[in-house]
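Chemist: One structure follows; several queries about it will come next.
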Amino acid sequence: MEEVALHLEKWAFDLSEEAFWWRPKEGANPIGGLVRHITGSSLRLGAYALGLPLPEWAKRGREWELQGEAEPKEAVVARFREAWEGLLAGLKGVKEEALAEEVAVGHLGVRAPRAHVLHHLVEHAQHHAGQVIYARKLL
1 MEEVALHLEK WAFDLSEEAF WWRPKEGANP IGGLVRHITG SSLRLGAYAL GLPLPEWAKR
61 GREWELQGEA EPKEAVVARF REAWEGLLAG LKGVKEEALA EEVAVGHLGV RAPRAHVLHH
121 LVEHAQHHAG QVIYARKLL
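Here you go:
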């Protein structure tokens, strides 16, 4: 999780507004959308696995995060930093015996071990951080 934050600080947060929302082609995800999605999806998974509160904006979902209208970069960056602080604190508070407990995931409430949900949170965020790095190199 800390590595994701380091990648985004290095590859995304110093971009101009135009570069932050640039799309290499129609329908492609801009860096800003990827950052918004990393934040929103991680918060949703954190809500399932850690019981963290879910802000209203994070309920808008994947389509808005990735393909929605551009907004000020600083708002996206501030939400990421706030979310990451809460997620890291929540992760540090998980006791080993709690990892095997099943939690309800998604709107269907499918049951999954907390450890699986947390693993998915980390690997999903890292996956999209890699896309941010690649997109930055295309600029």
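So the sequence shown is numbered by UniProt numbering: it starts at 1 and just counts up by one. Backbone N, C-alpha and C fix where the C-beta goes; we use that ideal spot for every residue, glycine too. Everything numeric in this text was worked out from a predicted model, so none of it was measured.
(1) Short check: CB of residue 114 to CB of residue 96, under 8 angstroms?
(2) Whether or not the stretch 4-11 and the stretch 46-55 are in contact is what I'm after, with contact meaning three or more pairs of Cβ atoms, one per stretch, closer than 8 angstroms; do they touch?
(3) Whose C-alpha, out of 71, 94, 110, is nearest the C-alpha of residue 34?
(4) Is it buried or exposed, residue 25, if we count other Cβ atoms within 10 angstroms and call 16 or more buried?
(5) Thinking C-alpha only, which one of 130, 83, 132 is nearest residue 43?
Modeler: With the structure as the only source:
(1) Position 114 of the sequence shown holds residue 114. Position 96 of the sequence shown holds residue 96. It is not a contact, given that the beta carbons lie outside the stated cut-off.
(2) no
(3) Counted from its first residue, the sequence shown places residue 34 at position 34. Here the closest residue by C-alpha is 71.
(4) Start at 1 with the first residue of the sequence shown, and residue 25 comes out as number 25. Burial call: exposed.
(5) Numbered from 1 along the sequence shown, position 43 holds the residue referred to as residue 43. When only C-alpha atoms are compared, the closest one is 83.
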